[in-house]
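Below: the structure, in structure tokens.
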Amino acid sequence: MGDPALRPAEWDFVAARRRLEDKPKSAGEKLTSIDAAAGHVADGDRIAVGGCLFSRTPLALVREVLRARRRGLTLVRNLMCTEGELMMAAGAVERVMTAWMSIGLPWGVSKVMRHYVESGAVALEEWSHLALGLRFRAAAMGVPFVPALTMLGSDLVAVGGMKTVADPYSGETLAAVPALFPDVALLHVHRADRFGNCQIDGYPHMDADIARAAATVLVTTEELITDDETRRHPDRTVLPGFLVDALVHVPFGSFPHECYGLYEADFDHFSEYTASIDARGPEAAVGDYLVRYVYGPPTWDDYLDLFGGERLAKQQRSAKELTQ
Amino acid sequence: MNATASELLAVQGSRVLRDDTTVFAGVGVPLLAAALAQQRHAPKLTMVIEGGIIGPRIKPGRLPISTNEMRAGHRAQMLPGITDTFLFAQRGFLDYGFMGGAQIDQHGNVNTSVLGVDYWKPKVRLPGTGGANDIASLCKEVIILTVHEKRRFVPRVDFVTSPAWLDGGDARRRAGLPFGGVSRVVTTLGIFGFDPETRRMRLDALHPGVTREQVREQTGFPLLEAATVAVTEPPSADELAMLRALDPERRFLG
Numbered sequence: 001m002g003d004p005a006l007r008p009a010e011w012d013f014v015a016a017r018r019r020l021e022d023k024p025k026s027a028g029e030k031l032t033s034i035d036a037a038a039g040h041v042a043d044g045d046r047i048a049v050g051g052c053l054f055s056r057t058p059l060a061l062v063r064e065v066l067r068a069r070r071r072g073l074t075l076v077r078n079l080m081c082t083e084g085e086l087m088m089a090a091g092a093v094e095r096v097m098t099a100w101m102s103i104g105l106p107w108g109v110s111k112v113m114r115h116y117v118e119s120g121a122v123a124l125e126e127w128s129h130l131a132l133g134l135r136f137r138a139a140a141m142g143v144p145f146v147p148a149l150t151m152l153g154s155d156l157v158a159v160g161g162m163k164t165v166a167d168p169y170s171g172e173t174l175a176a177v178p179a180l181f182p183d184v185a186l187l188h189v190h191r192a193d194r195f196g197n198c199q200i201d202g203y204p205h206m207d208a209d210i211a212r213a214a215a216t217v218l219v220t221t222e223e224l225i226t227d228d229e230t231r232r233h234p235d236r237t238v239l240p241g242f243l244v245d246a247l248v249h250v251p252f253g254s255f256p257h258e259c260y261g262l263y264e265a266d267f268d269h270f271s272e273y274t275a276s277i278d279a280r281g282p283e284a285a286v287g288d289y290l291v292r293y294v295y296g297p298p299t300w301d302d303y304l305d306l307f308g309g310e311r312l313a314k315q316q317r318s319a320k321e322l323t324q
Numbered sequence: 001m002n003a004t005a006s007e008l009l010a011v012q013g014s015r016v017l018r019d020d021t022t023v024f025a026g027v028g029v030p031l032l033a034a035a036l037a038q039q040r041h042a043p044k045l046t047m048v049i050e051g052g053i054i055g056p057r058i059k060p061g062r063l064p065i066s067t068n069e070m071r072a073g074h075r076a077q078m079l080p081g082i083t084d085t086f087l088f089a090q091r092g093f094l095d096y097g098f099m100g101g102a103q104i105d106q107h108g109n110v111n112t113s114v115l116g117v118d119y120w121k122p123k124v125r126l127p128g129t130g131g132a133n134d135i136a137s138l139c140k141e142v143i144i145l146t147v148h149e150k151r152r153f154v155p156r157v158d159f160v161t162s163p164a165w166l167d168g169g170d171a172r173r174r175a176g177l178p179f180g181g182v183s184r185v186v187t188t189l190g191i192f193g194f195d196p197e198t199r200r201m202r203l204d205a206l207h208p209g210v211t212r213e214q215v216r217e218q219t220g221f222p223l224l225e226a227a228t229v230a231v232t233e234p235p236s237a238d239e240l241a242m243l244r245a246l247d248p249e250r251r252f253l254g
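For the protein sequence lines, the chains are A and B, in the order given.
Residue numbering for the first sequence follows this note's numbering, starting at 1 and increasing by one per position.
Residue numbering for the second sequence follows this note's numbering, starting at 1 and increasing by one per position.
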């Protein structure tokens, strides 16, 4: 499991292009249910998750993939937070590709990550933050690699199996950052119309590149807008509808993570979660968390009820203060 | 006024930053150092945060916890994507980068990935590089801010997450990094530079009251010493007051 070799399916730009050419690219209806959307994920898939750390994480989609008891996944995300921990503890992933994993400085190094990675249950393949971004960008461009000046000379090169290339003009050594074509992308956006044209406020993170890189794109949206509203502000559209395969309307679809301008992350919830891990260990604590928040509540609304309306409203006020 | 370790690092770090420059600042002490410099002597300094933020105005008492959240982007001038933010550094727009780490070696290389000899079977799995490798590779000048402890200052890091001078000499250049590198290591005991030929770490200045002996005891490799080892100016009452106003809850100042 811990082999450093790149898997050809990650960078095979010809195969990735054929896969896209064979796929319908409809301008039609994309709205569906959350379980139907998650049904696009198969065991063993390489899935890329949009947003970054605890910002605009598509948690409703992640939850549904876990409820479908998927196995053998490779999870790719530039900075990983609680969604990665839940995937590890649920036994859904065998490999994660990331630049950094934990919740944030106040909560220390992730004990869940340490438990599953140090025991060998999950392989953590580390790339630099820019290198992962460029892997998605190369794939979004449809090319097998992009030259760059990062990761050179470090031990990260051997971990991911990255190669170097000589600049044909100057002869300088450059990093040949390989493309990464995910099977499925999971994304959460601020607003979209029923045809899948999506708009994002605030941090764009890597979502636009991830959507172009993936074979299948699943999106949840905070707000559903009309076709007319999309056409009034087309400059705000970051994902065209033809590349989206499934769209689900899920207000608070990132909670307890944040959604820029709409609600701040629930830091108290993170503290309660990590306190329980400190007290009872990763397997027992996260196991119970999965039952309470993932496997138990049948719908996302039932899930949000566990937090309660007052908590959601407080996080909404907090977001307004910070962005106005 | 007595300064805590974090306050000392933030103040000393802030003094390195010149006006009319740009700095890649991570959350915690680096961000406080940059914000302090901006308030005191470098009003034309632009902060860049790796989550995709250019020119934020940090809200006192609402310091960001991650580089990718609303608190970090408060009153920012631009929110580019993450990849594009790093590409500003690859192009050469970023003058300074701050870093810290679990291990630092005599050539300034930093480890934030794994402790132990086998990456795939780590004794301790650490959070990882995040953007540290990119900052170390791409900024014009990198400054390490760290507590000075023997377990951190090792002859050779277990894993080179972020390259400084690699094996010394012109190793960095040969690896394909013809620019940048760690210029200074600011610790709780003093300030360190690197010999321009061998790229070995060199004691340049001690904080008031710290002896060379203390530094040697807390360093796991032989240090070079500058011909004249200076003594740093302690944090002023002014600097500490400004710093404490930024973090009244002492979330990062300890």
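For each residue, glycine too, the CB sits at the ideal point set by N, CA and C.
Quick caveat, the model's predicted, so the values are computed rather than measured.
Per DSSP, Glu310 (chain A) lies in no beta strand (DSSP E) segment; the continuous alpha helix (DSSP H) that holds it begins and ends at 309-323. A straight-line Cα-Cα distance of about 12 Å links Pro127 (chain B) and Gly84 (chain A). For Glu50 (chain B), the neighbours in chain A by C-beta distance under 8 Å run, in chain order, His129. Assigned with DSSP and collapsed to three states, Ile54 (chain B) falls in strand. Contact annotation for Trp300 (chain A) against chain B: no contact, minimum CB-CB distance about 22 Å [criterion: below 7 Å].
Excluding residues up to 5 positions away in sequence, Thr32, Ser33, Ile34, Ala37, Thr220 lie with their Cβ nearer than 7 Å to the Cβ of Val248 (chain A) in the same chain. The beta carbon of Cys81 (chain A) lies closer than 6 Å to those of Leu53, Phe54, Ile103 in the same chain, with the five residues before and after it left out.
The beta carbon of Asp227 (chain A) sits closer than 6 Å to the beta carbons of Asp193 from its chain, once the five residues preceding and following it are set aside; these are given in chain order. Proximity to Leu124 (chain A) across A:Tyr169, A:Glu94, A:Leu130 peaks at A:Glu94, based on C-alpha coordinates. Close CB contacts of Asp207 (chain A) within its chain, under the 6 Å cut and outside five residues either way in sequence, are with Gly50, Leu187 (chain order). For His74 (chain B), the closest of B:Pro60, B:Asp158, B:Thr21 by C-alpha to C-alpha distance is B:Pro60. Around the beta carbon of Tyr116 (chain A), 16 or more other beta carbons sit within 10 angstroms, so the residue counts as buried.
In the three-state reduction of the DSSP assignment, Thr274 (chain A) falls in the helix class, which pools H, G and I.
The residues Met242, in chain order, have a CB closer than 6 Å to that of Gln39 (chain B) in the same chain once the five nearest residues on each side in sequence are set aside. Note on the stretch 158-217 of chain A: whole alpha helix (DSSP H) runs with a minimum of 4 residues are 207-213, in chain order. Within the stretch 47-65 of chain A, Cys52, Leu53, Phe54, Ser55 place their CB atoms closer than 7 Å to a CB of chain B, listed in sequence order. Contacts with chain B (Cβ-Cβ distance below 8 Å) from the stretch 94-116 of chain A involve Thr98, Ala99, Trp100, Met101, Ser102, Gly104, Leu105, Pro106, Val109, Ser110, Met113, Arg114, listed in chain order. By the rule that beta-carbons nearer than 8 Å mark a contact, Gly133 (chain A) touches chain B. Using a Cβ-Cβ cut-off of 8 Å, Thr150 (chain A) counts as an interface residue toward chain B, since at least one Cβ of chain B sits closer than that to its own. Inter-residue distance for Leu31 (chain B) and Leu45 (chain B) is about 12 Å (C-alpha atoms, whole angstroms). Identification of chain B residues near Asp227 (chain A) by a Cβ-Cβ cut-off of 8 Å yields none; the smallest Cβ-Cβ distance measures about 27 Å. One finds Gly153 in chain A with Cβ atoms closer than 7 Å to the Cβ of Arg172 (chain B), taken in chain order. For Ala265 (chain A), the three-state secondary structure derived from DSSP is coil. Annotation: the stretch 122-146 of chain B contains the following complete segments of the beta strand (DSSP E) (minimum length 3 residues), in chain order: 141-146.
Rounded to whole angstroms, Gly120 (chain A) and Glu321 (chain A) show a C-alpha spacing of 44 Å. With respect to chain B, the C-beta atom of Tyr203 (chain A) has a partner C-beta closer than 8 Å.
Around the Cβ of Gly153 (chain A), a 10 Å sphere holds 16 or more other Cβ atoms; the residue is buried. A distance below 7 Å between beta-carbons, with the five flanking residues on each side excluded, links Ala37 (chain B) to the following residues of its chain, in chain order: Ser14, Leu17, Leu45. Nearest neighbour of Thr188 (chain B) by Cα position, chosen from B:Asp195, B:Val154, B:Lys150, turns out to be B:Lys150. For Gln90 (chain B), a Cβ of chain A is located within less than 8 Å of the residue's own Cβ.
A Cβ-Cβ separation of about 7 Å places His207 (chain B) in contact with Leu8 (chain B) under the 8 Å criterion. In this structure, B:Glu233 is the residue among B:Pro248, B:Gly220, B:Thr198, B:Glu233 with its C-alpha nearest to the C-alpha of Ala205 (chain B).
Taking 8 Å as the cut-off, the Cβ atoms of Thr323 (chain A) and Tyr263 (chain A) do not count as close. Contiguous alpha helix (DSSP H) elements confined to the stretch 70-154 of chain A occur at 82-89, 111-118, 129-141, taking only those with 4 or more residues. By a beta-carbon distance limit of 8 Å, Leu79 (chain B) contacts Tyr203 (chain A). Their separation comes to about 5 Å.
Contact check for Thr21 (chain B) against Asp95 (chain B) passes: the beta carbons are separated by less than 8 Å.
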